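Just so we're aligned, residue 3 is where the sequence shown starts under our numbering, counting upward by one. Take a look at the structure set out below.
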Amino acid sequence: MLVEDVSFAIGPGEMLGLVGESGCGKSITALSVLRLLPSPPVRVAAGAVRVGGVDVLGLGAEDLRKLRGDRVGMIFQEPMTSLNPVFTVGEQIAEVLEIHRGLPRALALSRAAELLALVGLPAPREQLERYPHQMSGGQRQRVMIAIALACEPKLLIADEPTTALDVTVQAQILALIDRLRRDMDMACLLITHDLGVVADVCDRAAVMYAGRIVEEAAVDQLFTAPRHRYTRALIETTPASNPPGVRLPSIPGMVPPPGARGGCAFAPRCAAALPVCRVSLPQLDGADGHRAACWNPATTEAAA
3 MLVEDVSFAI GPGEMLGLVG ESGCGKSITA LSVLRLLPSP PVRVAAGAVR VGGVDVLGLG
63 AEDLRKLRGD RVGMIFQEPM TSLNPVFTVG EQIAEVLEIH RGLPRALALS RAAELLALVG
123 LPAPREQLER YPHQMSGGQR QRVMIAIALA CEPKLLIADE PTTALDVTVQ AQILALIDRL
183 RRDMDMACLL ITHDLGVVAD VCDRAAVMYA GRIVEEAAVD QLFTAPRHRY TRALIETTPA
243 SNPPGVRLPS IPGMVPPPGA RGGCAFAPRC AAALPVCRVS LPQLDGADGH RAACWNPATT
303 EAAA
């Protein structure tokens, strides 16, 4: 199994942060929502993916095409390669509106200019004639956001939307996504490695490890009282958790590959592991909306 027993819900206007190291299954989870993984070899063995009460896994090809880009928008991980280099920015935004809203080309281009203004690009009508290679990384990412928001989706999936961007542009993009999801009352799934980003813009967070969600809580709860040892270890590696000038701690070892999991997958890397951790898989449970899957939770210890 690449991912298993993954379950979460996102309400209108809410942002859920999905965090974890590379290889934990975050992007696979996001791509599975829109069935963008090749099948074969990937297949869904069980479960459901519901968007507004509709099970995406039960949709035929035509209904699935109508869902993508309309009710669900997605900002892909790499802005440098996500746009088609042989079409102008205007054509790529307008295409979404032509397909899903049936707008004629002139009206679709006019709306595309409005979207570019919405995402903060100056001289939006002039930008319509530009090709992706004529734009910076931050500008391309704004175009990707415009495409994802063109049909005012109910759910926005942002898969590490600030990859390869400088710190200033990262802050601008994240502030833009945060403002737009509030203004549009849009559910948002934000995938990131950066716990600081989660603390700044997310309402809730789900921590993923080795294909499973190991902890989920409101952001304030997660950072002040993490229960899973992996969550605690992640927080302890951040600059905010350490005095200035000291060497930041790291988590020893690596995320195990799919299929190499017995008991708690984090146990080989966990200094607080018990014998039961290596032989029995803990279940995700807890009260007050704070769930964790840990045999030896860090409930009595304060986070750094």
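Virtual Cβ for every residue (Gly too), placed ideally from N, Cα, C. The model shown is predicted, which means the values in this text are computed figures rather than measured ones.
Item	Value
Reduced DSSP secondary structure (H/G/I, E/B, other) of Ala304	Reliability fails at Ala304, whose pLDDT of 44 lies under 50, so the model's placement of it is uncertain and the value that follows must be treated cautiously. Coil, per DSSP.
Nearest candidate by alpha-carbon position, reference Cys190, set Leu4, Ser9, Phe10, Met17	Met17
Assigned secondary structure, Glu162 (DSSP; H/G/I helix, E/B strand, else coil)	coil
Tyr232 in three-state terms, based on DSSP	helix
Arg231 to Asp290 span [Cα, whole Å]	19 Å
Touching by the beta-carbon criterion (3+ pairs, under 8 Å), the segment 91 to 107 and the segment 127 to 134	yes
Closest Cα partner of Gly75 within the set Met186, Pro42, Gly139, Leu236	Met186
N-terminal and C-terminal residue of the beta strand (DSSP E) that Val21 is part of	17 to 21
Inter-residue Cα distance where the pair is Leu39 and Leu283	27 Å
Terminal residues of the alpha helix (DSSP H) in which Ala110 lies	107 to 120
Length of the line joining the Cα atoms of Asp180 and Ala173	11 Å
Whether Pro87 touches Gly139 by CB criterion (7 Å)	no
Arg293, DSSP secondary structure in three states	strand
Residues near Gly264 by beta carbon distance below 8 Å, same chain, minus five either side	Arg280, Val281
Entirely enclosed beta strand (DSSP E) segments - the segment 28 to 81, minimum 3 residues	74 to 77
Where the alpha helix (DSSP H) containing Met1 begins and where it ends	As shown, the chain starts at 3 and ends at 306. That puts residue 1 outside it, with no answer to give.
Same chain, Cβ closer than 7 Å to Ala96, neighbours up to 5 away in sequence not counted	Arg107, Ala110, Leu111, Ala114
Counted within 10 angstroms of its Cβ, other Cβ atoms place Gly22 as buried (16 or more) or exposed	buried
Under 7 Å between C-beta atoms of Gly27 and Val44	no
Buried or exposed (CB count within 10 angstroms, at least 16 for buried), Arg184	exposed
Cutoff 7 Å: Arg183 Cβ touching any chain D Cβ	The structure shown has no chain D; it contains just one protein chain.
Backbone CA spacing between Ala304 and Gly104 [nearest angstrom]	Note that Ala304 scores 44 on pLDDT, short of 50, meaning its location in the model is unreliable and no value can be drawn from it.
Burial state of Ala306 (16 or more Cβ within 10 Å)	Residue placement at Ala306 is flagged as unreliable, the pLDDT there being 38, under the threshold of 50; the coordinate-derived value follows with that caveat. Exposed, because fewer than 16 other Cβ atoms sit within 10 Å of the Cβ of Ala306.
DSSP-derived helix/strand/coil call for Glu218	strand
Cβ neighbour criterion (16 or more within 10 Å) applied to Gln143	buried
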